[in-house]
Every structure is written in C-alpha cells, then in structure tokens.
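Here is the structure we will look at.
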C-alpha cells in the first residue's frame, strides 16, 4: 500500500479506483480503516451470498446503462453524512494497462456533494483473479493512492448543481490520475498487464 496517508481522515470523499478484477472491492477498501460504501452493479444482488455480503459491507446497487436517480441520491446522503463512497470510474471491469471509457459519474457525484475525488491504482489484481477464474491466485498486488482532486470547479448554481463542461474536464483529470496510479502500482508489482 502506497499513499494511504492521502486518504482524508474525516468528511466525505469519492474513492475512484481502477477496476481490473472482482477482488478490487477488497483491495480498494484496504486504503482506510473508515467504512466505504461501494456502488456496484445491481445484478450482483441476484447472487444471494454476494448480495448479502455487499449489504453487510454498506454497498448499494446501481442500474447500469441509464442514469440511476436512486443510486445518486444514496451517494449524496452518505457523502453529506461525511462518509466515503467508492465509484469505479470505468463503470465496469476492464482489461489491460489502459484506463479507458471513463464515465462522468464519479466526477458528477463529487461535484454535487462538494467533496474531493481520490484516485487509486491497483496493480496485480487482474492476475490475482482474471475474468472467468473461480478462485483467486496467489500473486503480489499493490495499491497506490493518489492526491485528492478538488471537485469544486465543477460546481454550478444551475439546475443540476454542476457545470457539464467542468464535469467533463474533471473526468479527464480523474482519468489521468487513475492511469498514473495504476501505472505506478503495476510497476511496483513488477509485472506488466497484457492487453486482451
């Protein structure tokens, strides 16, 4: 673990980790002793043991493919209470060394709640449990936490509470930071992630 001291000691923030493995929830949660509420795809709740565990961990479902107002409101409630929320900016598990197809969700939520975004790179998790694997493999995994990113520039007094152009710019900034930390974490693991 590198950079865990960069995690805010109090107040809400949006954790923005890279997503390469089903184990990334576990590795991302290890960045702080504070409980983190993870946004996860709603289909996971259909698998009873997984859904039960996610409920106990304070996670909440999101419908992918459309704006999910209920998930957004849940995020905002926790952040207003000063509790951290984790949103995978890529929206789903991706493969390979490049952070791609990043959605505006993490930046949008952070801007509306006036909280920082914390970019996180996780190196080695794709090798630890690649897609289709039933059990994890014993490999080295490294987590690198980046500097918190101020979301205030994306705030607006408009109808949605955010400036859409500024949210896009913030998303670009988050993408660059997550990529940087992912590269650093992968280098520390001592492996390169092959694109598939």
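Numbering (our numbering), first residue to last: 767 to 962.
Glycine residues also receive a C-beta, built at the ideal position from the N, C-alpha and C atoms.
Can you list, in chain order, the residues of its chain with a C-beta nearer than 7 Å to that of residue i? Leave out the 5 residues immediately preceding and following it.
{"i": "residue 899", "result": "none"}
{"i": "residue 913", "result": "772"}
Residue i to residue j, Cα distance in whole Å?
{"i": "residue 783", "j": "residue 803", "result": "13 Å"}
{"i": "residue 920", "j": "residue 885", "result": "17 Å"}
{"i": "residue 896", "j": "residue 937", "result": "27 Å"}
{"i": "residue 792", "j": "residue 916", "result": "25 Å"}
{"i": "residue 862", "j": "residue 806", "result": "21 Å"}
{"i": "residue 848", "j": "residue 841", "result": "11 Å"}
Three-state secondary structure (DSSP) at residue i?
{"i": "residue 928", "result": "strand"}
{"i": "residue 934", "result": "helix"}
{"i": "residue 827", "result": "strand"}
{"i": "residue 779", "result": "coil"}
{"i": "residue 807", "result": "strand"}
{"i": "residue 963", "result": "Only positions 767 to 962 of the chain appear in this structure, which leaves residue 963 out of reach."}
{"i": "residue 768", "result": "strand"}
{"i": "residue 851", "result": "strand"}
Please list, in chain order, all residues of the same chain as residue i whose beta carbon is under 8 Å from its beta carbon, the five residues on each side excluded.
{"i": "residue 950", "result": "768, 887, 889, 910"}
Decide if residue i is buried, meaning its Cβ has at least 16 other Cβ atoms within 10 Å, or exposed.
{"i": "residue 867", "result": "exposed"}
{"i": "residue 813", "result": "exposed"}
Runs of 4 residues minimum, wholly inside the stretch 857-916: which ones carry the alpha helix (DSSP H) assignment? Taking only runs of at least 4 residues, the alpha helix (DSSP H) segments lying wholly in the stretch 857-916 are 871-879, 891-894.
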